[in-house]
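Residue numbers (this note's numbering): 254 to 419.
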């Protein structure tokens with residue numbers, strides 16, 4: 254099943270993020286058969302930028318990108334894309350707190366997930382229109398972020414962003 258999932262770990266790998274749970278065979282960009290797909294690494298970067306822009310507009314500080322939160326985010330996006338499951342619960346029943354800690358980050362504060370949005374503008378608009386997701390983005394006490402975008406074989410992108418207290 255894992256080899257059938259088209260994913261992009263370019264950002265995580267270029268930052269030296271260890272993602273031992275994920276096979277790297279089959280890394281493609283953009284998704285084979287979906288040439289219009291925005292590269293996942295670009296979406297990940299744009300989500301961070303737009304999250305920080307929303308925080309600036311609300312008077313919150315910028316979030317620092319954290320490699321461990323990237324790993325936790327990519328892992329959850331990979332799980333969702335590979336199984337077609339849209340959930341905050343991981344394959345082993347894990348929560349975002351457990352996944353972040355397994356990736357080495359001790360103080361996670363929240364998680365947003367989404368799927369099917371073709372652009373970062375679309376996913377950010379949806380998150381900001383949702384009270385719970387918006388609260389995570391605009392939690393001024395949060396200090397760090399990691400994002401993950403993984404494409405399923407049907408071309409649907411699965412997004413995860415995890416926030417942290419430190």
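Yeah, the Cβ is synthetic: ideal placement off N, Cα and C, and Gly gets one too.
Taking the beta strand (DSSP E) that residue 419 belongs to, which residues open and close that run? Walking along the chain shown from the start, residue 419 turns up at place 166. Segment: none, residue 419 is in no beta strand (DSSP E) and carries neither H nor E.
What residue from 305, 329, 309 and 396 has the CA that sits closest to residue 368's CA? As a first step, residue 368 is located in the chain shown; it is residue number 115 there, counting from the start. Per the Cα distances, 329.
The beta strand (DSSP E) enclosing residue 351, as first and last residue numbers: Within the chain shown, the letter at position 98 stands for residue 351. No beta strand (DSSP E) holds residue 351; the alpha helix (DSSP H) holding it covers 349–355.
Ends of the alpha helix (DSSP H) at residue 405? Taking the first residue of the chain shown as 1, we reach residue 405 at position 152. Looking at the DSSP string, residue 405 is not in any alpha helix (DSSP H), and its letter there is neither H nor E.
Alpha-carbon spacing of residue 393 relative to residue 337, whole angstroms: For this step, residue 393 is matched to residue 140 along the chain shown. For this step, residue 337 is matched to residue 84 along the chain shown. Going by the C-alpha atoms only, they are around 32 Å apart.
For residue 305, the first and last residue of its enclosing alpha helix (DSSP H): Here the question's residue 305 lines up with position 52 in the chain shown. It spans 293–310 - the alpha helix (DSSP H) in which residue 305 sits, taken as one unbroken run.
Report yes or no: do the segment 356–363 and the segment 312–329 share at least 3 C-beta pairs separated by less than 8 Å? yes
Under 8 Å, do residue 347 and residue 415 count as touching if we go by C-beta distance? Walking along the chain shown from the start, residue 347 turns up at place 94. Walking along the chain shown from the start, residue 415 turns up at place 162. No, Cβ-Cβ distance for residue 347 and residue 415 is not below 8 Å.
Residue burial classification, residue 421 (beta-carbon count within 10 angstroms, cutoff 16): The first residue shown for the chain is 254 and the last is 419, placing residue 421 beyond what the model contains.
In the DSSP assignment, find the unbroken beta strand (DSSP E) run with residue 367 in it and report its ends. The residue you call residue 367 lines up with position 114 of the chain shown. Counting along the chain, the beta strand (DSSP E) containing residue 367 begins and ends at 361–368.
Would a C-beta distance cut-off of 8 Å place residue 308 and residue 381 closer than the cut-off? Numbered from its first residue, the chain shown carries residue 308 at position 55. Numbered from its first residue, the chain shown carries residue 381 at position 128. Result no, Cβ atoms of residue 308 and residue 381 do not sit closer than 8 Å.
Using only CA atoms, which one of 418, 419, 409 and 417 lies nearest to residue 291? By 1-based counting over the chain shown, the position of residue 291 is 38. Considering only alpha carbons, the answer is 409.
Straight-line CA distance for residue 405 to residue 315? Within the chain shown, the letter at position 152 stands for residue 405. Within the chain shown, the letter at position 62 stands for residue 315. Residue 405 and residue 315: Cα-Cα distance of roughly 30 Å.
Would you list the residues sitting across from residue 372 in a DSSP beta bridge? The count along the chain shown starts at 1 and reaches residue 372 at position 119. BP columns for residue 372 are empty, so no partner.
Please state if the CB of residue 373 and the CB of residue 395 are separated by a distance shorter than 8 Å. Within the chain shown, numbered from 1, the residue matching residue 395 stands at position 142. Within the chain shown, numbered from 1, the residue matching residue 373 stands at position 120. Not in contact: residue 395 and residue 373 (Cβ atoms no closer than 8 Å).
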